[in-house]
Structures are given as C-alpha cells and as structure tokens.
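Going by our numbering, the first residue of the sequence shown is number 13, and it counts up by one from there.
Input: a single structure, listed below in structure tokens.
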Amino acid sequence: MASVKKLNSLDFAGKRVVLRADLNVPLKDGRVTDDGRIKASLPTINYLIDAGASILVIAHLGRPKGERKSELSLRPVASRLGELLGRDVNFAETIVDATEATAKAKPGEITCLENIRFEAAETSKVEEERFELARKLAHLGEIYIGDGFGAVHRKHASVFELASLMPHAAGFLVAKESEILERLTNDPLRPFGVVLGGAKVSDKIAVITNLLERVEMIAIGGGMVFTFLAAKGYKIGKSLFEAEQLATVHAILSRAEEKGVEILLPTDIKVTTEFKDVSARIVSVDQIGQEEMGLDIGPESAKRFADSIKRCRTIFWNGPMGVVEFSNFQEGTRVVADALRAVDGLAVVGGGDSAAAIRALGFADSDFGYVSTGGGASLEYLEGKELPGLVALS
Ligand code: AMP
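Here it is in structure tokens:
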C-alpha cells in the first residue's frame with residue numbers, strides 16, 4: 013500500500029482542522045473504563061494545537077445504526093479527552109451546532125461532535141448518501157486529518173469520502189500504525205509467528221489463510237480453537253463450534269502441512285459445565301466430557317505457546333486465549349502476554365479489545381513492541397485488503 017501523507021507536510025497556523033479520530037472506547041455506567049484509544053489520539057491533537065489550529069473532532073462510539081442512543085453518546089468520552097488534554101473540549105450535539113462552533117473557533121479551541129454514527133449516512137452502503145454527509149462535514153474546516161486507525165477499514169463518510177473532499181494528511185497514530193503493519197508484511201524478522209484467539213474462527217479465516225503463506229508458526233487458542241480440535245477428530249463437548257467452518261479449517265490444516273507452517277494447538281484445556289466464572293478442571297485435549305466446555309487453554313499449552321512465541325523475532329497477536337472476563341479463565345492469556353514481553357524483536361498486540369483485555373490483566377502498553385488500536389483494521393491489512401481510510405490518505 014502506498015504510504016500515507018504526513019501531517020508535517022501541512023501548515024496549520026490559523027486553520028480549522030477536521031480530525032477523524034478513533035474514540036471508540038469501552039464505557040460502563042457512563043464512564044470510560046479503558047482510555048487507551050483516547051490517549052493514542054493525543055499526540056496529533058497536541059501537535060495541531062501547538063501548530064495554531066482549531067480542531068473539530070469527529071468520532072464514533074459503538075453501533076447505533078443511525079439512531080440517537082443516549083448510552084452511545086460521545087459526551088463522557090469528550091470530557092475524558094478534556095481531562096487528558098488539560099483543556100476545555102466543547103461538545104456539539106449536531107452538525108448545525110458544530111457549524112456554528114467551528115465558524116468562530118479560535119486557535120487551540122477544540123470541539124467534539126456527537127457520535128457520527130447517529131447519522132445513518134455515515135455507514136450507508138449508498139455512496140451518494142455518504143457523499144452528501146461528507147459535503148456537510150467538509151464545511152466544518154479547511155484541512156482533514158485522518159487519525160482514526162480503528163475505523164480505516166470502513167468505507168464510511170467521515171473516513172473515506174470526507175478525506176477526498178478536503179486537503180488531507182494522516183495523523184501520527186495512523187502513520188505509526190501503517191508503518192508497523194508494513195513492517196509485519198514487508199520482510200519481517202524471522203521466525204514470524206502469529207497468535208490468534210477470540211470467539212470465532214469465521215472472523216479470522218481470511219487472515220489465517222493469508223498469513224499461512226508468510227509465517228512460520230500460528231498458535232491458536234480462544235473459542236475458535238475448538239473448531240480446529242473438532243477438525244482433528246477430538247470431542248469438544250459443549251465448547252464453541254462453527255460447523256460451517258470445518259471444511260475451511262481442514263483446508264487450512266493441509267495447506268499448513270504442505271507449507272511446513274507449524275499450527276500450534278492446545279494439548280490441555282480448562283473446562284467447566286456452565287458458562288460461568290467458576291473454578292475449572294484441567295483436562296487433556298482428548299478428555300473433554302460431553303457436558304463440558306473449554307473456556308481457556310491449559311497450563312501445559314500456555315507454556316508451549318509461550319516457548320514458541322519467545323523463539324520468534326516477529327509476533328502478531330489478536331484475540332484472548334480464553335474467556336478473560338472471568339478471573340478463572342485468564343491464565344492462558346496472561347502467560348501468552350508475558351511471553352510477548354520477552355520477544356527479542358517486534359511483538360505487536362493487534363486490536364483495541366485485545367489491548368483492553370491485557371491492560372485489565374495489569375500489563376502496560378510499554379511492555380510490548382507495539383499495541384495497535386485497531387483490531388479489525390489490522391486484521392484486514394494482514395488479510396491483504398486495501399483499507400479505504402488509508403487509500404484516501406495516500
Ligand atoms: P474476539 O472479539 O473475537 O477477539 O473475541 C473475544 C471474546 O472471545 C472474549 O469476549 C472472550 O470471552 C471470548 N472467548 C475467548 N475464549 C473463549 C472460549 N473458549 N469460549 C467462549 N468464548 C471465548
């Protein structure tokens with residue numbers, strides 16, 4: 013992919029900037045529970061302020077599907093942004109409010125627009141509807157900065173069409189994320205290993221298929237591993253299972269064998285009989301009972317995964333090894349995260365949810381080579397797809 017246009021190629025003095033950021037953070041009872049993505053947006057915002065711009069921040073939260081949903085308002089996110097910046101952040105409920113606020117904005121002034129996905133046109137499949145919204149948004153400033161990495165894989169009005177209507181550049185976050193992904197795809201240090209977990213195989217099929225051609229090792233855990241274990245003939249009880257993916261999983265396993273790519277699967281599993289945070293039984297992979305479900309990889313597997321990870325010089329990890337929301341099923345993820353810290357090379361944690369999960373386990377971003385803010389975006393990049401939000405900024 014062609015490289016993105018850099019922020020420092022533009023003059024911002026006295027300019028009104030429209031900044032597409034990714035502020036899609038987890039909230040609980042109206043409070044931000046993980047502000048990683050807000051913090052990741054600060055370098056660009058501070059740079060723009062220092063360069064004499066006023067800023068209108070456009071961002072989304074969750075999937076309101078074109079409806080105004082109070083629980084998905086960006087208001088608490090805007091106030092957290094203000095706290096982190098140490099300055100006031102105005103809030104505009106509507107595009108009309110934002111038009112008034114930005115027309116008279118002074119250098120250094122920041123306004124955050126309400127969740128852009130409250131506008132149905134933002135995510136519309138109809139190009140003309142997206143363009144119409146983008147034209148309205150384009151009146152809100154003179155320069156567009158794309159820094160919402162978590163949304164660059166979406167052909168959405170504020171991500172794609174808007175960039176094409178205004179002079180534009182990538183913010184520091186998008187520039188850094190693209191550079192890291194390029195390092196993973198162009199001539200990575202070897203061995204190159206990938207660790208995948210999370211709930212569904214179907215979400216990861218494309219990335220596994222693409223990476224099979226480029227890596228030496230793929231370690232698989234999480235709920236998705238049970239479809240692999242079933243394909244190998246193991247009984248998996250009531251564990252997560254995607255029957256319609258069995259044929260693809262068989263194809264992946266035989267392609268891996270052909271290519272000499274090691275597919276690392278767990279040899280022991282933590283099982284329970286209910287989807288609850290209860291103490292679990294550790295069983296060998298061939299001993300899962302009919303009434304049992306696997307909710308984490310076992311300690312022996314975690315150690316094998318960790319040993320393999322530490323032998324790699326490049327690692328990309330997406331998705332927890334077990335149900336990390338339950339304290340009894342966090343150990344696999346913790347051991348894998350710990351191994352990533354010890355990698356002599358580049359270890360990338362890919363994805364806002366994976367990053368939030370390991371922060372909740374007490375790890376810091378600085379423990380890893382790089383923590384990406386965009387799970388979907390980084391997976392699609394590694395699938396070999398062109399990302400609209402990067403194309404628009406190239
Ligand atoms: P993803 O969004 O695909 O990365 O999936 C993350 C989710 O996968 C987390 O909420 C985990 O609770 C869930 N998960 C991980 N391992 C399992 C498992 N063995 N069974 C059910 N869910 C799992």
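Yeah, the Cβ is synthetic: ideal placement off N, Cα and C, and Gly gets one too.
Beta-carbon spacing of residue i, residue j below 8 Å
{"i": "Gly353", "j": "Asp379", "result": "Note on identity: in this sequence residue 353 is Arg, with Gly being the wrong assignment. Yes, the pair counts as a contact, with Cβ atoms nearer than the cut-off."}
{"i": "Leu399", "j": "Ala389", "result": "yes"}
{"i": "Thr385", "j": "Phe143", "result": "no"}
{"i": "Gly5", "j": "Gly64", "result": "The chain is shown from 13 up to 406; residue 5 falls before or after that span and cannot be answered."}
{"i": "Ile232", "j": "Leu276", "result": "yes"}
{"i": "Leu152", "j": "Leu31", "result": "no"}
{"i": "Leu19", "j": "Ala182", "result": "yes"}
{"i": "Phe317", "j": "Met305", "result": "no"}
{"i": "Glu274", "j": "Met333", "result": "no"}
{"i": "Ile157", "j": "Val29", "result": "yes"}
{"i": "Phe253", "j": "Phe240", "result": "no"}
{"i": "Gly249", "j": "Ala211", "result": "no"}
{"i": "Ser66", "j": "Lys118", "result": "yes"}
{"i": "Ala133", "j": "Thr123", "result": "no"}
{"i": "Ile50", "j": "Arg92", "result": "yes"}
{"i": "Asn222", "j": "Gly396", "result": "yes"}
{"i": "Phe130", "j": "Gly78", "result": "yes"}
{"i": "Pro278", "j": "Gly310", "result": "yes"}
{"i": "Leu177", "j": "Ala150", "result": "yes"}
{"i": "Val16", "j": "Val44", "result": "no"}
Rounded straight-line distance, which links the Cα of residue j to that of residue i
{"i": "Leu185", "j": "Gly42", "result": "26 Å"}
{"i": "Val360", "j": "Ile57", "result": "24 Å"}
{"i": "Gly387", "j": "Leu208", "result": "12 Å"}
{"i": "Ala146", "j": "Val37", "result": "24 Å"}
{"i": "Cys324", "j": "Thr345", "result": "18 Å"}
{"i": "Glu392", "j": "Glu141", "result": "25 Å"}
{"i": "Pro55", "j": "Pro203", "result": "33 Å"}
{"i": "Asp100", "j": "Asp215", "result": "40 Å"}
{"i": "Gly374", "j": "Gly48", "result": "13 Å"}
{"i": "Ala175", "j": "Trp329", "result": "30 Å"}
{"i": "Val171", "j": "Ala351", "result": "35 Å"}
{"i": "Asp109", "j": "Ala268", "result": "55 Å"}
{"i": "Val403", "j": "Asp280", "result": "44 Å"}
{"i": "Ser136", "j": "His168", "result": "7 Å"}
{"i": "Ala187", "j": "Leu265", "result": "35 Å"}
{"i": "Asp159", "j": "Ala369", "result": "23 Å"}
{"i": "Ile321", "j": "Asp365", "result": "20 Å"}
{"i": "Ala104", "j": "Thr111", "result": "9 Å"}
{"i": "Arg226", "j": "Val213", "result": "19 Å"}
beta-carbon residue i near the ligand AMP non-hydrogen atom, thresh 7 Å
{"i": "Pro332", "result": "yes"}
{"i": "Gly210", "result": "yes"}
{"i": "Cys235", "result": "Residue 235 is actually Gly in this sequence, not Cys. Result yes, Cβ under 7 Å from the ligand AMP."}
{"i": "Glu280", "result": "One detail in the question is off: residue 280 reads as Asp in this sequence, not Glu. Not under cutoff, so the answer is no."}
{"i": "Val383", "result": "no"}
{"i": "Val411", "result": "Given that the chain is displayed from residue 13 to residue 406, the structure contains no residue 411 and the question cannot be resolved."}
{"i": "Gly386", "result": "no"}
{"i": "Asp306", "result": "Residue identity check: residue 306 is Gly in the sequence provided, not Asp. Checking the Cβ of Gly306 against the ligand AMP gives yes."}
{"i": "Asp365", "result": "yes"}
{"i": "Asp215", "result": "yes"}
{"i": "Leu149", "result": "no"}
{"i": "Leu252", "result": "yes"}
Residues of its chain near residue i, where Cβ-Cβ distance is below 7 Å and the 5 sequence neighbours each way are ignored
{"i": "Asp298", "result": "Tyr246"}
{"i": "Asn127", "result": "His72, Leu73, Pro76, Leu84, Ser85 and Leu86"}
{"i": "Asp289", "result": "Phe338, Ser339 and Asn340"}
{"i": "Arg195", "result": "Leu358"}
{"i": "Val383", "result": "Val361, Ala367 and Asp377"}
{"i": "Ala349", "result": "Ile370, Leu373 and Phe375"}
Simplified DSSP assignment, three categories, for residue i
{"i": "Lys247", "result": "coil"}
{"i": "Glu274", "result": "strand"}
{"i": "Ala150", "result": "helix"}
{"i": "Thr106", "result": "coil"}
{"i": "Thr221", "result": "helix"}
{"i": "Lys315", "result": "helix"}
{"i": "His72", "result": "coil"}
{"i": "Lys282", "result": "strand"}
{"i": "Thr326", "result": "strand"}
{"i": "Arg371", "result": "helix"}
{"i": "Ile230", "result": "strand"}
{"i": "Ala359", "result": "strand"}
{"i": "Arg293", "result": "strand"}
{"i": "Val207", "result": "strand"}
{"i": "Val261", "result": "helix"}
{"i": "Asp377", "result": "helix"}
{"i": "Gly306", "result": "strand"}
{"i": "Val213", "result": "coil"}
{"i": "Ala169", "result": "helix"}
{"i": "Leu31", "result": "strand"}
Close beta carbons around residue i, own chain, < 6 Å, minus the five adjacent residues each side
{"i": "Ile61", "result": "Gly120"}
{"i": "Ala314", "result": "Gly344 and Val347"}
Beta-carbon proximity list for residue i, same chain, < 8 Å, skipping 5 on both sides
{"i": "Ala292", "result": "Lys282, Val283, Thr284, Leu307, Asp308, Asn340 and Phe341"}
Any non-hydrogen atom of the ligand ZN closer than 7 Å to residue i Cβ
{"i": "Val336", "result": "The ligand ZN is absent from the structure shown, which contains only the ligand AMP."}
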